[in-house]
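Here the structure is laid out as structure tokens; the discussion comes afterwards.
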Amino acid sequence: MPTTLGPLRVQDAGSADGPVALLWPSLYSDGDTSWGAQLDGLHALGWRTLLVDPPGTGGSAPASRRFTMEECGEAALRVLDDAGVDRAVFFGLSWGGIVALRVALSAPHRVSALVLSNTTARGVGFRERLQVRMISLLIRVGVPGGLGRLVVAGMLSDHSRRHGTGFAPRLAATVNGLDARGLARAARSVLGDRTDVVDVLHRITAPTLVIAGAEDKALPRAPHSDDLAERIVGARLEVLPRVAHLSPREEPTRVANLIKEFLAPLG
Numbered sequence: 000m001p002t003t004l005g006p007l008r009v010q011d012a013g014s015a016d017g018p019v020a021l022l023w024p025s026l027y028s029d030g031d032t033s034w035g036a037q038l039d040g041l042h043a044l045g046w047r048t049l050l051v052d053p054p055g056t057g058g059s060a061p062a063s064r065r066f067t068m069e070e071c072g073e074a075a076l077r078v079l080d081d082a083g084v085d086r087a088v089f090f091g092l093s094w095g096g097i098v099a100l101r102v103a104l105s106a107p108h109r110v111s112a113l114v115l116s117n118t119t120a121r122g123v124g125f126r127e128r129l130q131v132r133m134i135s136l137l138i139r140v141g142v143p144g145g146l147g148r149l150v151v152a153g154m155l156s157d158h159s160r161r162h163g164t165g166f167a168p169r170l171a172a173t174v175n176g177l178d179a180r181g182l183a184r185a186a187r188s189v190l191g192d193r194t195d196v197v198d199v200l201h202r203i204t205a206p207t208l209v210i211a212g213a214e215d216k217a218l219p220r221a222p223h224s225d226d227l228a229e230r231i232v233g234a235r236l237e238v239l240p241r242v243a244h245l246s247p248r249e250e251p252t253r254v255a256n257l258i259k260e261f262l263a264p265l266g
């Protein structure tokens, strides 16, 4: 599907006549790796899902340049347009939540609700941008043993790594298979270039579920999830124990139940 970020693979599944959920994954992940464990539950509830592979992941080509989170929001809206969808619930994990916030702020009439998992409204400071440049360089030149092992250590809790029914090696393999240059550009864009929207979160009126991992080191509950829960009117915060940065995969049943309860009035 052509977008402002280049062609993106979008998996369209579920009930053709049902309410629509657009799902955007985390950095270092394709759509299925982030959200795949939630699809069957959504389909069983009668929902249609539009599962996005961001640039350089899954079936999508790497971005040829750095990009803004606002451009990602425009790409998400293009996905809806091409699917013939007026409004959707936006499911965003980490990077995906950053994108969902931009859509909710720029095109609130296209957003039925928000499910924001392990994400942030905050921008980055000078020191963080320098750190991200180093991370980007490391991605480009390669990591002994593969980048995947570092991502697994940083994004999954100890409990998830030990008891995650094989997800940790799958995540590592996914990361190691990504195009290095494309991933470096994406990392610079998501981690180093994103703007701050904390002070305008009060403009979001869509029903919002915020999910945080109690052991999330990448985007800790405080301040990131707390910002969302406190500043988006009516937002509900759920903090999951023994979970780090990939809640929908680390605790799939618990997240599925939260989603089911949250979506019940919207279906």
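FYI, numbering that gives the first Met the number 0 numbers position 98 of the sequence shown as 97, with every residue one higher than the one before it.
All C-beta atoms in this analysis are idealised placements derived from N, C-alpha and C, irrespective of residue type, glycine included.
Everything numeric in this text was worked out from a predicted model, so none of it was measured.
Assuming P54 and W94 form a contact by the criterion Cβ under 8 Å, report the distance between their Cβ atoms to the nearest whole angstrom. Working through the sequence shown from its first residue, we reach residue 54 at position 55. Working through the sequence shown from its first residue, we reach residue 94 at position 95. The Cβ separation is near 11 Å, so there is no contact.
Checking 9 Å against the spacing of the C-beta atoms, do F89 and A74 come in under that value? Walking along the sequence shown from the start, residue 89 turns up at place 90. Walking along the sequence shown from the start, residue 74 turns up at place 75. Contact: no.
Start and end residues, alpha helix (DSSP H) containing L182: For the purposes of this step, residue 182 is taken as the residue at position 183 of the sequence shown. A179 to A186 is the extent of the alpha helix (DSSP H) around L182.
Determine the contact status of L208 and F261, defining contact as a CB-CB distance below 9 Å. By 1-based counting over the sequence shown, the position of residue 208 is 209. By 1-based counting over the sequence shown, the position of residue 261 is 262. Yes, Cβ-Cβ distance for L208 and F261 is below 9 Å.
Out of L22, A36 and V19, which has the shortest C-alpha to C-alpha gap to E250? Within the sequence shown, residue 250 is the residue found at index 251, counting from 1. Comparing Cα-Cα distances from E250 to each of L22, A36 and V19, the minimum goes to A36.
Using three-state DSSP, classify T207 as helix, strand or coil. On the sequence shown, position 208 is the one that residue 207 refers to. It is a strand residue.
Cut-off 7 Å between Cβ atoms - residues of its own chain near S246, not counting five sequence neighbours on either side: Numbered from its first residue, the sequence shown carries residue 246 at position 247. Closer than 7 Å at the Cβ level, and outside the excluded window around S246, lie S116, N117, I210, G212, L239 and V254.
Only counting the same chain, and skipping five residues up and downstream in sequence, which positions put a Cβ closer than 6 Å to that of S25? Within the sequence shown, numbered from 1, the residue matching residue 25 stands at position 26. The residues are S33, L92, S93 and W94.
Here's the rule I'm using: 16 or more other beta-carbon atoms within 10 Å means buried, otherwise exposed. How should T164 be labelled? Numbered from 1 along the sequence shown, position 165 holds the residue referred to as residue 164. Label assigned to T164: exposed.
By DSSP, does F66 sit in helix, in strand, or in coil? Residue 66 sits at position 67 when you count from the first residue of the sequence shown. F66 falls in the coil class under three-state DSSP.
Could you give the uninterrupted runs of the beta strand (DSSP E) lying entirely in the stretch 194 to 248, keeping only those of 3 residues or more? 207 to 212 and 235 to 239
On the premise that D31 lies in contact with L50, defined as a C-beta separation below 8 Å, what is that separation, rounded to the nearest angstrom? Along the sequence shown, one-based indexing puts residue 50 at 51. Along the sequence shown, one-based indexing puts residue 31 at 32. That belief holds up - the Cβ atoms of L50 and D31 are roughly 7 Å apart, short of 8 Å.
Going straight from the alpha carbon of H201 to that of D157, what length do you get? Along the sequence shown, one-based indexing puts residue 201 at 202. Along the sequence shown, one-based indexing puts residue 157 at 158. Roughly 35 Å separates the two Cα atoms.
How long is the line joining the alpha carbons of G96 and Y27, rounded to whole angstroms? Against the sequence shown, residue 96 aligns to sequence position 97. Against the sequence shown, residue 27 aligns to sequence position 28. Rounded to whole angstroms, G96 to Y27 spans 14 Å at the Cα level.
N-terminal and C-terminal residue of the alpha helix (DSSP H) that R47 is part of: Within the sequence shown, numbered from 1, the residue matching residue 47 stands at position 48. That residue, R47, is in no alpha helix (DSSP H); its beta strand (DSSP E) goes R47 to D52.
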